[in-house]
Amino acid sequence: MVSSNHAMESSAACTLVVVPTEPRSGPTWVLLHGSDGSEADLLPVAERLAPSAVKVAPRGTVETPEGFAFFLRGADRRIDEADLRVRAEPLVTRIRSAQAAHASDGRLVVLGFSNGAVMATALIELHPELFAAAVLVRTQLPFPGVPRPAVPSIPVLVLDGRDDARRSPEAGRDVARRLRDAGARVTHVVLPVAHGMTAADERRIANWLAWEQR
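For the sequence shown, position 124 matches number 1525 in our numbering, and the numbering has no gaps at all.
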């Protein structure tokens, strides 16, 4: 449930929740949920990690049996790369509009989980100027067959689950290597967890934030 102090923008194609704070401090957090999720899923995590930051939480535009996702997959679970590219552009527009309307700090930090982490990785590749930092939880390569892009030297945290049955063992490692080779400052960690986001993930993110902000 989205509480009454959250600003919600809706249209036929997209719902987006903005959590303003007073005073506003630090970069704006963009929260991209996983498959069968919603715009509210990562808000509690972000509130614990960055309580004074503005949070922008868009809903994926693909309806799934139990919620929403940010892009389509084929019957074999392969990413529909063409669909991902098409859906990325209006999402960028929504994020930038919300940032302009609600945020005082020009920087954006993206936190993506699962399907949302893949979308976040795609946005880093398609719009490398968009984010100042990224946390990618259970991601995989969005465009494995295309040439590696050039990415600014932004800090990126990639978190894998050692017991994740929904990702191959090399999924996060491949993303970390690709972004590192593209120019990002990447930290890749494999945690003793499954696919879901856990308290261990939050602790690792908090430690990484403290290290990056020192």
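Heads up, the beta-carbon is just placed ideally off N, CA and C, and yes, glycines get one too.
No experiment lies behind these values; they were computed from the predicted model shown.
Where residue i and residue j are concerned, what is the direct C-alpha to C-alpha distance, given to the nearest angstrom?
i       : j       : result
Thr1416 : Val1457 : 11 Å
Ala1502 : Val1493 : 14 Å
Ala1635 : Gly1517 : Since the first residue shown for the chain is 1402 and the last is 1615, residue 1635 is missing from the structure and cannot be characterised.
Ser1515 : Leu1524 : 14 Å
Asp1442 : Val1547 : 31 Å
Gly1507 : Leu1558 : 20 Å
Glu1613 : Pro1553 : 16 Å
Ala1521 : Thr1588 : 16 Å
Val1594 : Ala1566 : 10 Å
Ala1611 : Ala1535 : 14 Å
Gln1541 : Arg1579 : 11 Å
Asp1437 : Glu1530 : 29 Å
Ala1600 : Glu1448 : 14 Å
Val1519 : Pro1570 : 16 Å
Asp1481 : Glu1464 : 15 Å
Pro1421 : Pro1491 : 22 Å
Val1419 : Gln1500 : 9 Å
Trp1609 : Glu1423 : 25 Å
Met1598 : Ile1496 : 23 Å
Arg1425 : Val1446 : 18 Å
Pro1466 : Gly1513 : 20 Å
So, are the CB atoms of residue i and residue j less than 8 Å apart?
i       : j       : result
Val1511 : Leu1560 : no
Pro1550 : Ala1583 : yes
His1596 : Arg1574 : no
Ala1489 : Leu1444 : no
Val1576 : Leu1537 : yes
Leaving aside the five residues before and after residue i along the sequence, list all residues of the same chain whose C-beta is less than 7 Å from its C-beta, in chain order.
i       : result
Asp1484 : Phe1472 and Leu1473
Ala1607 : Leu1450
Ser1498 : none
Gly1427 : Ala1451, Ser1453, Ala1454 and Asp1506
Ala1533 : Pro1428, Arg1508, Leu1509, Val1510 and Ile1555
If we define contact as Cβ-Cβ less than 8 Å, is residue i a contact residue for chain C?
i       : result
Leu1512 : In summary, chain C is missing from the structure at hand, where a single protein chain is found.
Can you tell me whether residue i is buried or exposed, with buried defined as 16 or more other CB within 10 angstroms of its CB?
i       : result
Pro1545 : exposed
Asp1564 : exposed
For residue i, which residues from the same chain have a beta carbon less than 8 Å from its beta carbon, with the 5 sequence-adjacent residues on both sides left out?
i       : result
Ser1439 : Arg1460, Gly1468 and Phe1469
Arg1605 : Leu1558, Leu1560, Val1590 and Leu1592
Asp1602 : Val1538, Leu1560, Leu1592 and Val1594
Arg1478 : none
Going by beta carbon distance, what residues of the same chain come within less than 6 Å of residue i, once the five residues before and after it are set aside?
i       : result
Ala1504 : Thr1429 and Val1455
Arg1586 : Ser1554 and Pro1556
Arg1581 : Val1587
Ala1572 : Gln1541
> Does the stretch 1451-1466 come close enough to the stretch 1418-1438 to have 3 or more Cβ pairs within less than 8 Å?
Replying inline: Result yes; three or more Cβ-Cβ pairs closer than 8 Å.
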